Amino acid sequence: MPGNGEAVTGRTGAPSGEGSAFVMSRGVVILFAVACGAAVANVYFSQPLLVTMGHDLAMSPALVGSVVTLTHVGYGLGLFFLVPLGDVADRRRLIVAQLLLLVVALAVVAAAHTAATLLAGMAATGLLAVVTQTLVAFAASLAPPAGRGRVVGLVTGGVVIGILLARTASGLMADLAGWRSVYLASASLTALLALVLYRVLPRHSDAPPTTLRYGQLLRSTITLFARERLLRLRAVFGLLIFAAFSTLWSSVALPLSDAPYFLSHSAIGALGLIGVAGALAATMAGRLNDRGLSERTTGVALALLAASWLPLSFTRSSLWALIVGVILLDLAVQAVHVTNQTLIYALHPDAGSRLIGGYMVFYSIGSAAGAIAATSLYTVAGWGAVCTLGAAFSCLGLVLWAFTRRGTPAPASEVTSRSEV
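This is the structure in C-alpha cells:
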C-alpha cells in the first residue's frame, strides 16, 4: 500500500493549477456537457436495437441479452482501470486518445457481421465510454471552487440528457436507416468532438504531475475510500439512489406494454424525454452546493425520491401519476448525484479522477442491483412489489442521511462557501 504522500496530497479547497491557467466560459462548459452526453449515450444505444441486432446476426435470445451485459461490464472495468489515469496523465491527451479509440470501437460495432465481433465491439465501447467521467473530473478541476458546483451541475446535466435520449434517438435512427447507422453516426460525432476538444482544452497544466506508477494509482483509489468517511458515505448514497433509478427504468416498460396501455416501444422510449427534467435538477443542485447547502439539498432530494414512489405505484391506473413520479424521481436522483460529485471532488482536487471513478463504481453496482432485482421481482410479484423495492432503496438513503448528517465534516471548500453566503 502506498504511503500517505503517494495516495493523495493534502486536503485543500484551493483551486487546482489547471483552473488558474484556463477560463471556463459558458461555451466551454456546454462543450463538456455535449461531449459527456455523447460518450455515455453509447452505453445505452443498444437497448432498443437488441431484437434487430439478433435477427441480423442470427443470435440467440441469450446471446443478444449479453450485448447489454458486456457493455456495462466494460464500463465498470473502465471506471476502475482507466478513469484514475486522469490524475497522472495529461487529461487533454487522455480524453482525445480515448475518444479516438472509441471511434474505432463504434466502427467495429457498425461493421460487425458476426456475433463475436459485435460483442467484442460493445465491450470495448463500454470500456472507452468512461471518458465521460474523465471529462467530469477535468471540468471540475478547471472550475474555480466558488463555481465548481454550477459547472459540475451543467456537465452532469449533459450526462443525464445523453442517457435519457439515447434510447429514443437510436430507435428513431434505426427505423430510418437501420441499426448500424446509429453507431456510424455516433462514431462521426465522436471524431468531431475529439478534434474540437483537442483544439479547445488547455494544453498544459500548472499543477505538478502526480508521480505514481499505475499499480500505486489503483491502490491509492482504495486508500482514499479507507481514509475518507465522506467519500464512503457519498458512495453509499450513490449506490442507493441509482438502485432506485434503475429499479424504475429497467422495469417500467413491462407494465406499459401490458394491459391496459399496450404502448409501443417508441411510445415507451419517449417517456425518457420527461426525465430530462433531471438535467434542470442537476444545474439547480450545483448552484445550491456553491452556496454551502449540500446537506439540506441531499435531505430534500432523498425525501422527494422516497415520495416519488407513491404516484409511481398508480402507474397501472394513471399515466399522469407515472409522469409525476418520473419527474420527481429524476429530479431527486440528479440533485443527490451532483451534490455527491461536488463534495467528493473537493476532498482532494489533485485526486479528482480517482475520486470520481471510485464513486462511479458504486453507481454501477447500484444500477445493476436495481435492474436485476426489479425485473426478477416483477415476474413473481408484479408492479406493486417493484415500487416497494424502489421505495425501500429510497427510504434507506433518507434514513442514512438523517443519522449521518451531523457527523460528517464538510470539505474545506464548502466551509468557505458558507462563510461567504
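Offset between the sequence shown (1-based) and the numbering used here: plus 2.
Here a beta-carbon is modelled for each residue, glycine too, at the ideal position from N, C-alpha and C.
No experiment lies behind these values; they were computed from the predicted model shown.
Integer-rounded CB distance, given that residue j should sit under 8 Å from residue i
i	j	result
VAL340	THR158	5 Å
THR249	ALA387	Not quite, the Cβ-Cβ distance comes to about 11 Å (not below 8 Å), so this is no contact.
SER310	LEU331	4 Å
LEU191	ALA40	6 Å
LEU120	VAL106	LEU120 to VAL106, Cβ: 15 Å. No contact.
ALA337	ALA303	4 Å
ARG236	ILE346	5 Å
LEU194	PHE34	Not a contact, Cβ separation roughly 15 Å.
GLY399	LEU307	7 Å
LEU233	LEU349	6 Å
Distance, residue j Cα to residue i Cα
i	j	result
GLY78	LEU59	26 Å
SER22	VAL132	With a pLDDT of 45 at SER22, under the threshold of 50, the modelled position of that residue is not reliable, and no figure is offered here.
ALA171	PHE47	8 Å
CYS1	PHE247	An answer regarding residue 1 cannot be provided, because it is not within the stretch 3 to 423 covered by the chain.
ARG28	VAL198	16 Å
THR127	MET61	20 Å
TRP251	LEU273	10 Å
GLY360	ARG231	14 Å
ILE32	ALA64	40 Å
ILE270	THR213	49 Å
GLY164	GLY277	11 Å
ALA99	LEU130	10 Å
PHE405	ALA255	35 Å
ARG289	VAL153	9 Å
SER253	GLU297	31 Å
LEU174	LEU52	14 Å
TRP385	ARG95	47 Å
PHE82	ARG408	31 Å
VAL45	GLY294	34 Å
ILE243	ASN291	18 Å
TYR185	ASP92	28 Å
ARG150	LEU402	26 Å
ALA109	LEU101	12 Å
PRO50	ARG169	6 Å
ALA122	THR344	34 Å
PRO313	LEU321	10 Å
VAL335	VAL36	20 Å
ALA145	LEU241	26 Å
SER143	VAL42	20 Å
LEU178	ALA196	27 Å
ALA135	HIS74	Rather than Ala, the amino acid found at residue 135 in this sequence is Gln. Looking at the two C-alpha atoms, the distance is approximately 15 Å.
LEU265	PRO257	9 Å
SER68	VAL25	43 Å
PHE316	CYS389	10 Å
TYR365	PRO351	20 Å
ARG356	ARG215	14 Å
PHE239	ALA118	37 Å
HIS57	HIS115	12 Å
LEU203	ALA148	21 Å
GLY327	LEU333	10 Å
GLY76	TYR200	25 Å
PHE140	THR300	24 Å
VAL30	VAL162	18 Å
SER183	ALA176	7 Å
VAL90	THR71	30 Å
ARG229	ARG318	46 Å
ILE224	VAL363	12 Å
ALA245	VAL85	22 Å
ASN342	ILE367	16 Å
**the region 220 to 235 touching the region 370 to 380, judged by at least three CB pairs closer than 8 Å** = Touching, no.
**Message:** List, from N- to C-terminal side, the alpha helix (DSSP H) runs of 4 residues or more that fit wholly inside the region 204 to 292.
**Reply:** Entirely contained in the region 204 to 292, the alpha helix (DSSP H) runs reaching 4 residues are, in chain order, 216 to 229, 231 to 251, 255 to 258, 267 to 271, 273 to 276 and 279 to 292.
**Prompt:** For the region 115 to 174, which segments carrying the alpha helix (DSSP H) assignment without a break, of at least 4 residues, lie completely within its bounds, in sequence order?
**Reply:** The region 115 to 174 contains these whole alpha helix (DSSP H) runs: 117 to 130 and 133 to 144.
**Item:** the region 148 to 158 in contact with the region 283 to 300 per 3-pair CB rule at 8 Å
**Value:** Counting Cβ pairs under 8 Å, three or more are found: they touch.
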